[in-house]
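Residue numbers (the numbering used here): 5 to 203.
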């Protein structure tokens, strides 16, 4: 379990769609706009490991090409996200209403959509989780412990991230800082997208 929690922490530290959505909401509306998104992410962080434990991981063992397909989807997602961020480097994040629409319910639903479509989470839970545990020997208590760790680590990390970005919001929303931040973030997403097929 300690190794699994460490892997969850490493997964959290890897920028992905959840970070983009969380930062966008934080920059547009502060911490109060971001925490509902973090709660929406919790649903997926419980659902993905639960599905892996209950047998969806058999897809990976039966269809070896499934992981290649998921890796390709992840790569394309990161490349497109990076290109779009660079293309709109001068645009304020609040103009992306799908991520920044005000309200707790909108934030929760954005978090749910981001985590359910997050290729990083799908690859981790469906492909890696079975390597940490013997899924055939699971008890209900084991399942509860794994699902609790799976949502607690990213939830704490996401709330801390939202808090600090909320504090830095004024500095990051000046036009020059916004352009520079978006170009760097876009470049990093493209680099991740190019690296995924070779990892």
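Idealized CB from N, CA, C, for every residue including glycine.
Worksheet item: Is it true that the CB of residue 107 sits closer than 8 Å to the CB of residue 42?
Response: Translated into positions along the chain shown, residue 42 becomes position 38. Translated into positions along the chain shown, residue 107 becomes position 103. No, the pair does not count as a contact, with Cβ atoms beyond the cut-off.
Worksheet entry | Nearest residue (CA-CA) to residue 167, options 27, 111, 10 | If you number the chain shown from 1, residue 167 lands on position 163. Residue 27 is the option with its Cα nearest to residue 167.
Fill in: Helix, strand or coil at residue 40 [DSSP, three-state]
Position 36 of the chain shown, counted from the first residue, corresponds to residue 40. Here residue 40 sits in helix by DSSP.
Discussion item. One question on the structure: do residue 163 and residue 39 come within less than 8 Å of each other, judged by their Cβ atoms?
Written reply: On the chain shown, position 159 is the one that residue 163 refers to. On the chain shown, position 35 is the one that residue 39 refers to. Yes; because the gap between Cβ atoms is below 8 Å, this pair is in contact.
Worksheet item: Which residues in the same chain have their Cβ closer than 7 Å to the Cβ of residue 154, if we skip the five residues on either side of it in sequence?
Response: Numbered from its first residue, the chain shown carries residue 154 at position 150. Contacts found: 12, 49, 50, 53.
Worksheet item: Taking DSSP as the reference, what is the three-state secondary structure of residue 49?
Response: Translated into the one-based positions of the chain shown, residue 49 becomes position 45. The answer is helix: DSSP assigns residue 49 an H, G or I state.
Worksheet item: Are the beta-carbon atoms belonging to residue 83 and residue 194 less than 8 Å from one another?
Response: Here residue 83 is taken as the residue at index 79 of the chain shown, counted from 1. Here residue 194 is taken as the residue at index 190 of the chain shown, counted from 1. Yes, these two residues count as a Cβ contact at 8 Å.
Fill in: Cβ-based neighbour list, residue 90, same chain, cut-off 8 Å, excluding 5 preceding and 5 following
Taking the first residue of the chain shown as 1, we reach residue 90 at position 86. Only 186, 187, 190, 191, 194 meet the Cβ criterion.
Discussion item. Tell me the DSSP secondary structure of residue 172 in three-state form.
Written reply: The residue labelled residue 172 in the question sits at position 168 within the chain shown. Coil.
Practice prompt. Measuring alpha carbon to alpha carbon, tell me which of 132, 118, 47, 109 ends up nearest residue 57.
Written response: Taking the first residue of the chain shown as position 1, residue 57 is located at position 53. Checking every option, the nearest Cα to that of residue 57 belongs to 132.
Worksheet entry | Backbone CA spacing between residue 20 and residue 145 [nearest angstrom] | Reading the chain shown from its first residue, position 16 is the one you call residue 20. Reading the chain shown from its first residue, position 141 is the one you call residue 145. Cα to Cα, residue 20 sits roughly 30 Å from residue 145.
Discussion item. Between which two residues does the alpha helix (DSSP H) holding residue 6 run?
Written reply: Locating residue 6 in the chain shown gives position 2, where the first residue counts as 1. Taken as a continuous stretch (DSSP letters only), the alpha helix (DSSP H) holding residue 6 covers 6 to 17.
Worksheet item: Does the beta-carbon of residue 127 have 16 or more other beta-carbons within 10 angstroms, so that it is buried, or is it exposed?
Response: Residue numbering aside, residue 127 sits at position 123 when the chain shown is read from its first letter. Buried, by the Cβ-count rule.
Worksheet item: Could you give the residue range of the alpha helix (DSSP H) that holds residue 30?
Response: Indexing the chain shown from 1 puts residue 30 at position 26. Looking at the DSSP string, the run of the alpha helix (DSSP H) that includes residue 30 is 21 to 33.
Worksheet item: Using a C-beta cutoff of 8 Å, does residue 83 count as contacting chain D?
Response: In the displayed structure, chain D is absent; only one protein chain is listed.
Worksheet item: Looking at residue 173 and residue 34, is the spacing between their C-beta atoms short of 8 Å?
Response: Along the chain shown, read from residue 1 onward, the residue named residue 34 stands at position 30. Along the chain shown, read from residue 1 onward, the residue named residue 173 stands at position 169. Contact flag set, yes.
Practice prompt. List the endpoints of the continuous alpha helix (DSSP H) containing residue 120.
Written response: Start at 1 with the first residue of the chain shown, and residue 120 comes out as number 116. Note, residue 120: alpha helix (DSSP H), 108 to 120.
Worksheet item: Does the Cβ of residue 171 have 16 or more other Cβ atoms within 10 Å, making it buried, or fewer, making it exposed?
Response: On the chain shown, position 167 is the one that residue 171 refers to. Exposed, by the Cβ-count rule.
Worksheet item: Out of 151, 130, 161, which has the shortest C-alpha to C-alpha gap to residue 18?
Response: Position 14 of the chain shown, counted from the start, is the residue given in the question as residue 18. For residue 18, the nearest C-alpha among the options comes from 161.
Discussion item. Taking the beta carbon of residue 121 as the centre, do at least 16 other beta carbons fall within 10 Å, making it buried, or is it exposed?
Written reply: Counting from one through the chain shown, the residue named residue 121 turns up at place 117. Label assigned to residue 121: exposed.
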